[in-house]
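Visitor: Here it is, the structure in full.
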Amino acid sequence: MKSTMSGKGPSLSAQPLVRPSETLSLGEHAVRVNEATLKPFFAQLKADQQAELALNVHLPFCPSRCLSCDRVAVVQHRDEEINRYITNLDKELMLTAQAAGGQRRLARVHFSGGSPNHLSELALATLFSHINRHFSIQSTTQISMELNPRRTSRAQLNFLKGLGVGQIKLEVRDVDAKVQREIGRIQSLELLEDVISIAHGVKFDSLGMDYLIGLPGQTVESCEQSMDAMLSLAPDWLVCLPFHRRESVFQHQIAVDANHLPSLAERLAMFNQVQMAFDAAGYEWVGLNVFAKPEHELSVAQRTGKLGLNVLGYVPEKAWSVLGVGLGSLSELPELIYQNEANLANWHTLIESGLLPAHSAVVPDESEVLRRKVLRGLICRQSLTPADLTDAQETEWLSPLVDQGFARKEQSSYLLTELGRSVLPHIWTDSSPAFRAL
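When you number the sequence shown by the working numbering, it's gap-free, plus one each residue, and the end is 439.
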């Protein structure tokens, strides 16, 4: 079957795509692409030179791999291999900038992992220099980085702040000792307290954490205790993501004992506990699965109707197009979501051959692009007036949410219900970026 964009947009032959109300994720359904496939989509991006973009830089290296890891990650300690990666990232940044139309302004730069802070200060400084050479970093550009708490130090946090990093997210997963042993990721509450205390002293703009629901060994009782501990750390925001064991994709997860995984009913109860705990502490429920302090930019954006959503997550304004560089990195253009080659040797070969390392993509047709926009709008604003939809589209896309109790219709508007906000995170979000539905 062909999936096409009507009008002036590019087209691409593809296998049938499942609906985004079920999934529109790269992990579930994607087609093979290459640099030639991307050209018409980048041509559209190049034509709009005033649009600001986001850059997603994937740094896959880790000191070790925990069982909860569902990212593109490589255990690596050899400096020469990391240096080769940084050198080829420079080449990919150049190719990407050329494809996008030159030294484009960046609204945001995000470093995902892996463990980005596993890299040496020299490697990170070199990478920042490469980015500045190929793109335009403004004083208003947000620079964010995911951090492994076990790899941080006072010197490193000061160094990152000096590079311009303003927002950090600690990859915590869970603070329960039993769960940490199950996934092989030991980090004491005292360690987290020290890291956060230092980070506050360094004065980052924003400090967030993640909490995964569905990890082996988790119980409703352990979740309640974990919420008490995590609230004592007072993050600016927390993102709560469901974990799914996918041993066929992430083979190291074979070691996860399936008998120790919580049931769906337990997962729902845990999410409800997270929501109630953070609500009682004065946090605001942002979108489906983020809890932020009232003064945080995401809370403000939701209250003012400006909250956006893209492959990087929630953003405090209209969602930008995202250019992904690095092994397995995700990109989002107006009519295309694609992922880079996730095999390191193949990625190197493509870059060293002068080619963009695109590997797989989801290319929705015009109707599906609109559907994703509509559903993202409903997620970000909790309400929607479908003025641009036909009666058939409204019936197909929104009526099922009403029938299942996830939304309700009031006159001409649709509103997300508490049930919808509690259940949909388990359907539309995921701890693995490639498996997020919208």
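Using N, Cα and C, we set each Cβ at its ideal position, and we do this for glycine too.
Quick check: the Cα distance between Leu46 and Ser361, rounded to an integer number of angstroms?
Guide: 19 angstroms
Visitor: Classify Thr430 as buried or exposed, calling it buried when 16 or more other Cβ atoms lie within 10 Å of its own Cβ.
Guide: Counting Cβ neighbours within 10 Å, Thr430 comes out buried, since at least 16 surround it.
Visitor: Check the DSSP bridge columns for Pro243 and list the partner residues they point to.
Guide: DSSP output for Pro243 lists Ile214 as bridge partner(s).
Visitor: Between which two residues does the beta strand (DSSP E) harbouring Ile184 extend?
Guide: First-last for Ile184: 178 to 184, but that is the alpha helix (DSSP H), not the beta strand (DSSP E).
Visitor: Would you report the Cα separation of Phe244 and Gln219, rounded to the nearest angstrom?
Guide: 11 angstroms
Visitor: Alpha carbon to alpha carbon, what distance is there between Leu27 and Gln405?
Guide: 26 angstroms
Visitor: In angstroms, rounded to a whole number, what distance separates the CA positions of Ala259 and Phe43?
Guide: Computed Cα separation, rounded: 43 angstroms.
Visitor: What residue range is occupied by the uninterrupted beta strand (DSSP E) comprising Leu107?
Guide: 106 to 114
Visitor: Just how far apart, CA to CA, sit Trp321 and Leu334?
Guide: 9 angstroms
Visitor: Could you check if Pro401 is buried or exposed, using at least 16 other CB atoms within 10 Å of its CB as the buried criterion?
Guide: exposed
Visitor: State the start and end residues of the unbroken alpha helix (DSSP H) segment that holds Ile380.
Guide: 367 to 382
Visitor: Would you tell me roughly how many angstroms separate the C-alpha atoms of Leu376 and Cys241, rounded to the nearest one?
Guide: 19 angstroms
Visitor: Could you say which of Gly306, Gly215, Gly288, Met228 lies nearest to His263 if we only look at CA atoms?
Guide: According to the sequence shown, residue 263 is Pro rather than His. Nearest Cα to Pro263 within the set Gly306, Gly215, Gly288, Met228: Gly215.
Visitor: Is the beta carbon of Gly167 less than 7 angstroms from the beta carbon of Asp206?
Guide: yes
Visitor: Is the beta carbon of Val250 closer than 7 angstroms to that of Leu68?
Guide: Taking 7 angstroms as the Cβ cut-off, Leu68 and Val250 do not qualify as a contacting pair.
Visitor: Roughly how many angstroms lie between the CA atoms of Ser198 and Leu190, to the nearest whole one?
Guide: 12 angstroms
Visitor: Whole angstroms are fine: how far does the CA of Arg304 sit from the CA of Ala124?
Guide: 40 angstroms
Visitor: Can you have a look at Met271 and say buried or exposed, based on whether 16 or more other CB atoms are within 10 angstroms of its CB?
Guide: buried
Visitor: If we count Cβ pairs, one from each stretch, closer than 8 angstroms, do we get three or more for the segment 344 to 353 versus the segment 79 to 95?
Guide: yes
Visitor: Between His135 and chain B, is any beta-carbon pair separated by less than 7 angstroms?
Guide: No chain B is present in this structure, which holds just one protein chain.
Visitor: Near Asn35, which residues of its chain fall below 7 angstroms by C-beta distance, leaving aside the five closest residues on each side in sequence?
Guide: Cβ neighbours of Asn35 within its own chain (closer than 7 angstroms, five residues either side excluded): Ala359.
Visitor: Quick check on this structure: which residue in Glu318, Lys40, Leu399, Leu120 has the alpha carbon closest to the alpha carbon of Ala100?
Guide: Lys40
Visitor: Ends of the alpha helix (DSSP H) at Ala293?
Guide: Boundaries for Ala293: no alpha helix (DSSP H) harbours it, while the beta strand (DSSP E) harbouring it runs 291 to 293, taken from the DSSP string.
Visitor: Can you look up Arg72 in the DSSP assignment and give me helix, strand or coil?
Guide: coil
Visitor: Suppose contacts are defined by Cβ-Cβ distances below 7 angstroms. Is Met228 in contact with Ala278 by that definition?
Guide: In this structure, Ala278 lies closer than 7 angstroms to Met228 by Cβ.
Visitor: Note down the Cα distance separating Ser145 from Leu390, rounded to an integer number of angstroms.
Guide: 36 angstroms
Visitor: May I ask whether a heavy atom of the ligand GTP can be found less than 6 angstroms away from the beta carbon of Ser137?
Guide: As far as ligands go, the structure on display features none, and thus does not contain the ligand GTP.
Visitor: Tell me which residue opens and which closes the alpha helix (DSSP H) that Ala200 is part of.
Guide: First-last of the alpha helix (DSSP H) with Ala200: 190 to 203.
Visitor: In three-state terms, what does DSSP make of Arg134?
Guide: helix
Visitor: For Cys63, write down the residues that DSSP places opposite it in a beta bridge.
Guide: Val76
Visitor: Is it the case that the Cβ atoms of Asn1 and Ser300 are separated by a distance below 7 angstroms?
Guide: Nothing in the structure corresponds to residue 1, since the chain is present only between 2 and 439.
Visitor: According to DSSP, what are the bridge partners of Val301?
Guide: BP columns for Val301 are empty, so no partner.
Visitor: Under 8 angstroms Cβ to Cβ from Glu267, same chain only, skipping five residues before and after it: list those, please.
Guide: Gln219, Thr220, Val221
Visitor: Just mark Lys179 as buried or exposed, buried being the case when its beta carbon has 16 or more other beta carbons within 10 Å.
Guide: exposed
Visitor: Candidates Gln412, Val403, Ile428, Ser432: which alpha carbon is nearest Thr418's?
Guide: The shortest Cα separation from Thr418 among Gln412, Val403, Ile428, Ser432 belongs to Val403.
Visitor: Just how far apart, CA to CA, sit Gly450 and Trp348?
Guide: In this structure the chain extends from 2 to 439, so residue 450 is not present and cannot be described.
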